[in-house]
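Single-structure report; data block below.
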Amino acid sequence: MQAYQSPPCPYCGATWNPPGAQTCTNCRNQLPPPQPTYAPPGYAPQQGGLPQQGQPQDPGQGQAGYPYGQPSYPQQGYPQAAGSYPGAPPAYPGQPGQQPYVVPGQGAYQGQPGQPPQYPGYPPTGYGQGYPGYGADPNYANYGAAGVPVAAGTTLRLFGQSFTVPVALPPIIVQYQQRIASAVVGFLALLIVLFAVLPAVAAGQVSAANLAISTAVLHQSKVDAGFTSLFTPDSNATDLNVIKAQGSKVIQSINASLAIVQADESALNAVDGRLAILQWVALPSGGTIAGERQRLKTALDGLKHADAALTAGSNLGKVALPTYDTMIDFTKMYTALGKHDLVGAAAPYADAQQKLQEAISQDQAAGVPAVVAKQLTALSSLLDNTESLVQALQNKDNAGIKKYSDAVQTGLKTLSANSLPAGYEEKTYAPDQKAYDAAIKSLKG
Numbered sequence: 012m013q014a015y016q017s018p019p020c021p022y023c024g025a026t027w028n029p030p031g032a033q034t035c036t037n038c039r040n041q042l043p044p045p046q047p048t049y050a051p052p053g054y055a056p057q058q059g060g061l062p063q064q065g066q067p068q069d070p071g072q073g074q075a076g077y078p079y080g081q082p083s084y085p086q087q088g089y090p091q092a093a094g095s096y097p098g099a100p101p102a103y104p105g106q107p108g109q110q111p112y113v114v115p116g117q118g119a120y121q122g123q124p125g126q127p128p129q130y131p132g133y134p135p136t137g138y139g140q141g142y143p144g145y146g147a148d149p150n151y152a153n154y155g156a157a158g159v160p161v162a163a164g165t166t167l168r169l170f171g172q173s174f175t176v177p178v179a180l181p182p183i184i185v186q187y188q189q190r191i192a193s194a195v196v197g198f199l200a201l202l203i204v205l206f207a208v209l210p211a212v213a214a215g216q217v218s219a220a221n222l223a224i225s226t227a228v229l230h231q232s233k234v235d236a237g238f239t240s241l242f243t244p245d246s247n248a249t250d251l252n253v254i255k256a257q258g259s260k261v262i263q264s265i266n267a268s269l270a271i272v273q274a275d276e277s278a279l280n281a282v283d284g285r286l287a288i289l290q291w292v293a294l295p296s297g298g299t300i301a302g303e304r305q306r307l308k309t310a311l312d313g314l315k316h317a318d319a320a321l322t323a324g325s326n327l328g329k330v331a332l333p334t335y336d337t338m339i340d341f342t343k344m345y346t347a348l349g350k351h352d353l354v355g356a357a358a359p360y361a362d363a364q365q366k367l368q369e370a371i372s373q374d375q376a377a378g379v380p381a382v383v384a385k386q387l388t389a390l391s392s393l394l395d396n397t398e399s400l401v402q403a404l405q406n407k408d409n410a411g412i413k414k415y416s417d418a419v420q421t422g423l424k425t426l427s428a429n430s431l432p433a434g435y436e437e438k439t440y441a442p443d444q445k446a447y448d449a450a451i452k453s454l455k456g
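Numbering (my numbering), first residue to last: 12 to 456.
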């Protein structure tokens, strides 16, 4: 049995309105009046013209309208007595020779004699409305299906709420009211983000950039102190312990300045990365962001020069301090040899080798000149030859004593020849300090 289906609502297309309803249960708009239906004599008026259960059939119908022949016919495939076939069954509806069924006032319908016509129900949504041969019903022209225009209305149902407007809305607005409302809300939200939220975020990031730049400018004196330490001339002291203590203070100052420079670089790079994104999305603030990023670039360029110079000084310090320890141990070995203390001469060798390997592990770092590696190689040979000389003396190997004594003297000369020239750091990195100071000066202006 087919469930009851009402004529589609001309505004929203709902087909579940109860019989006789005057307003749509879905959109609350006024429904058109029900269409009169035709019922042949002896039939009660009904939806779709179909006889209801228990309704009397037309007495004139008889057995002529039985669509599958007379009930007394034997079924197909069974033998029949000769001459018992009564003839061809009545024609099916629509067959040639079928007498049309005439409905008073409406015309003829093809069907069986005495059989009332079967009236079609409402077609599926999206198909034309009306009875075959009569065209669309003007009262049910539009049901809101895809491709079918919707009638104008004054009621909108948005986000679960109904609104009545004082003017008739175009059919396209009634049909796509939810999509239009969602698009309008999304567009307004986008405008708010583009012209209210993002400019406020951009303003906050510009303020953060100004603060980072101001902090970097305030650090100029501390950074220049690191350059001053880097350019400190070599000590005139002859005691390696004093030289090491002075070198430790210089390297400590350089490392402190380098830490400040790298912290400023990190802060400036972070805010510049955020502004780079906002420059593309916060369009109203594009000019302000571009100007601020230019100031950030100036600061970062200056800090880059300071970073390169102070990093080189810090790496040189990582080589110099263990080298001082190695030289101190070698001095102890050489002094003990002069006193013919072979035990005292051999004792510092292991510690000297350990310190030397620590220095060699840093001689390829950034900013360390190639001559330093050569100096460490010469120092390693000097230590080995001194240790061999001690063993030759212990073994009373005169040939070995002569060989390694000459090698130690040659090693001392090679070590002096491979030392850094005086004023190397200032000659190499003074231009970096000038570039840094010039960038800070422009930011102050």
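Glycine included, C-beta positions come from ideal geometry on N, C-alpha and C.
For the candidate residues the options, whose alpha-carbon lies nearest to that of residue i?
i    : options                : result
F238 : S453, A381, K407, T439 : T439
M338 : K366, R190, H316, L348 : K366
Q373 : L423, A357, N326       : N326
K455 : Q402, L307, D395, N406 : L307
A256 : Y335, A281, A236       : Y335
A7   : A361, C20, T388        : Nothing can be reported for residue 7, as the shown portion of the chain is limited to 12 through 456.
Q364 : A236, E398, S218       : E398
G313 : V292, D275, D340, I300 : D275
P359 : V401, A376, I224, A441 : V401
I271 : A441, K233, G434       : K233
A433 : D443, S416, N247, N396 : N247
R39  : P45, Q46, N28          : N28
V330 : A267, Q375, A446       : Q375
L286 : Q273, I300, L294       : I300
A214 : S296, Q305, Q41        : S296
D292 : V212, T346, N37        : Note that residue 292 corresponds to Val in the displayed sequence, not to Asp. Of V212, T346, N37, the residue nearest in Cα terms is V212.
L353 : N266, K407, I254       : K407
Could you tell me which residues DSSP puts in a beta bridge with residue i?
i   : result
T34 : Q41
So is residue i buried or exposed if we call it buried at 16+ other beta carbons inside 10 Å?
i    : result
Q231 : buried
I371 : buried
Y138 : Because Y138 carries a pLDDT of 46, less than 50, the predicted location of this residue cannot be relied on, and the following value inherits that uncertainty. Burial call: exposed.
S17  : buried
L390 : buried
P115 : Residue placement at P115 cannot be trusted, given a pLDDT of 48 that sits under 50; the coordinates are not used to answer.
P244 : exposed
I457 : Lying before the first or after the last residue shown, residue 457 is absent from the chain, which here runs from 12 to 456.
A75  : With a pLDDT of 39 at A75, under the threshold of 50, the modelled position of this residue cannot be trusted; read the value that follows with caution. Its Cβ having fewer than 16 others within 10 Å, A75 is exposed.
H316 : buried
G71  : In this prediction, G71 has a pLDDT of 42, which is less than 50 and means its spatial position is unreliable; what the coordinates show is noted afterwards. With fewer than 16 Cβ atoms within 10 Å of its Cβ, G71 is classed as exposed.
G24  : buried
G324 : buried
L404 : buried
V217 : buried
D250 : exposed
A377 : exposed
L394 : buried
N328 : Per the sequence shown, the amino acid found at residue 328 is Gly instead of Asn. Buried.
V261 : buried
S453 : exposed
A410 : exposed
P442 : exposed
Q444 : buried
P210 : buried
D340 : buried
A356 : buried
D283 : buried
A220 : buried
Determine, using beta carbons only, whether residue i comes closer than 7 Å to chain D.
i    : result
K343 : Note that chain D does not occur in the displayed structure, where there is just one protein chain.
Since residue i and residue j are thought to touch, with beta carbons under 8 Å apart, how far apart are those beta carbons, to the nearest angstrom?
i    : j    : result
V382 : L431 : 6 Å
A227 : L279 : 7 Å
L321 : L241 : 7 Å
L426 : Q386 : 7 Å
A281 : I224 : 13 Å between Cβ atoms; not a contact.
N396 : V379 : N396 to V379, Cβ: 25 Å. No contact.
S259 : L332 : 7 Å
A236 : S268 : 6 Å
P43  : P21  : 7 Å
Q46  : Q33  : Between Q33 and Q46 the Cβ distance is about 15 Å, and since that is not below 8 Å, they are no contact.
At a cut-off of 6 Å, would you count residue i as near the ligand NAP, judging by its Cβ distance to the nearest heavy atom?
i    : result
A361 : Summarising the ligand content, the structure contains no ligands, and the ligand NAP is consequently not present.
Whole beta strand (DSSP E) elements within the stretch 221-281, 3-residue minimum | At a cut-off of 3 residues, not a single continuous stretch assigned as beta strand (DSSP E) sits fully inside the stretch 221-281.
Unbroken alpha helix (DSSP H) runs of length 4 or more, entirely within the stretch 368-413: which are they?
-> Taken in chain order, the complete alpha helix (DSSP H) segments of 4 residues or longer contained in the stretch 368-413 are 381-406.
Start-end ranges of the alpha helix (DSSP H) lying completely within the stretch 405-455, minimum 4 residues = Residue ranges of uninterrupted alpha helix (DSSP H) with 4 or more members, entirely inside the stretch 405-455 and ordered along the chain, are 409-428, 435-455.
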